[in-house]
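Number 168 in the working numbering belongs to position 141 of the sequence shown; there are no gaps in the numbering.
All residues carry an ideal CB built from backbone N, CA and C; glycine is no exception.
This report refers to the structure that appears directly beneath it.
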Amino acid sequence: MEKWPIGVFTSIDAGLGVKIEVAHELGVPTIQLHAPEKETRTPENAEKFLAQLQELGITLTAVFGGFEGESYADIPTVVDTVGLVPPATRSDRVQEMKEIADFARLLNCDVVALHLGFIPHDNSDPLYQEIVAVTQDLLDHCKANNQALHLETGQETAEGLLQFISDVGRDNLFVNFDPANMILYGTGEPIEALQKVGAFVKSIHCKDGTWSDQPGETWGAEVPLGEGDVGMENYLRTLDELGYTGPLTIEREIPQEPERQKAEISHAVNLLTDLKAKIG
Ligand code: MG
């Protein structure tokens, strides 16, 4: 694969992300895919989807897990509803995540990813140990599929994430770095965080955002790429210094406005193409 192929976050029938057809119309050569609904995750559909990707000349680089009942309405709701952290849904979701990994394997995809949820910051908290154990279990399942698991960033600081990766102690755990999430959740300056976790960064999102006036309490705002506080040129230069050559996957989550979403992604493709020419 060429260095820094542009990508876009897509979905079929569940989760956020644009349709595959939009990726094709915009001439984007790679996608990450939000896992489709359980009923859709059949071997027949996997075959059809693979044929579609081949016809469009698009490479699938990661499958993201997501679960019914998750809500990103505000930060406290994320704490209560997202990922494998909430105890009431944990065992069902781990099972479902394993099924998603198996579906990704049918798509010949060796990367699965997710938001784990808000891991407690205090690693002596019993909940922390439970999340370590559940992540190890999931990683062992992925390993048997020859897959790596990438954690989406944002809900932990860089230090918290490094501690967690070390405590989990598996060689197939990596990071999907999302610079905007660091800003939206108020968990740290994204470029500094990227430098700290750089050794584990195997996929990334190109997303932008602005800081909240109460970081960590209320959301910052997600904005079109290049208009927020990330600093895209500095972001790509830092990725270059770290030796990252993987896809630049654009994520823009305004599904309620599909036309604007497509226009902004198109603009993001142009911005990244220019920066690639300048830096890459
Ligand atoms: Mg993201």
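For ligand 1, residues whose Cβ lies under 6 Å from any non-hydrogen atom: Glu179, Asp205, Asn208, His232, Lys234, Glu278
Closest by C-alpha distance to Glu183, when choosing among Val195, Phe191, Ala100: Phe191
Between the CA atoms of Asp152 and Lys234 - distance to the nearest angstrom: 32 Å
Integer-rounded CB distance, given that Val195 should sit under 8 Å from Leu166: Rounded to whole angstroms, the Cβ separation of Leu166 and Val195 is 7 Å, and the two are in contact under 8 Å.
Supposed close pair Pro242, Gly213 - CB separation, criterion 8 Å: Right, the Cβ-Cβ distance comes to about 3 Å (below 8 Å), so this counts as a contact.
Buried or exposed (CB count within 10 angstroms, at least 16 for buried), Ser230: buried
Separation of Leu176 from Cys136, as counted between CA atoms: 11 Å
Proximal residues to Asn208 (C-beta, below 6 Å), its chain only, five neighbours per side dropped: Cβ within range, chain order: Thr180, Gly181.
Contiguous alpha helix (DSSP H) assignments of at least 4 residues, all confined to the stretch 59-146: 70-83, 102-108, 114-133
Exposure of Gly92, with buried meaning 16 or more beta-carbon neighbours within 10 Å: buried
Simplified DSSP assignment, three categories, for Lys303: helix
Member of Val257, Leu133, Phe76, Pro282 whose CA lies at the smallest distance from the CA of Asn173: Leu133
Reduced DSSP category for Leu269 - H, G, I as helix; E, B as strand; rest coil: Three-state result, Leu269: coil.
Cβ separation of Tyr262 and Ile218, assumed to be a contact under 8 Å, to the nearest whole Å: 7 Å
Paired residues, beta bridge with Cys233 - DSSP: Ile277
Ile210 vs Gly247 beta-carbon contact at 7 Å: yes
Burial state of Ile277, where buried means 16 or more other Cβ atoms lie within 10 Å: buried
Spatially closest choice to Val15 from Gly273, Glu280, Glu48, His232, by CA coordinates: The first residue shown for the chain is 28 and the last is 307, placing residue 15 beyond what the model contains.
Assigned secondary structure, Ile33 (DSSP; H/G/I helix, E/B strand, else coil): strand
Own chain, CB closer than 6 Å to Pro103, minus 5 neighbours either side, in chain order: Cβ neighbours of Pro103 beyond the five flanking positions: none.
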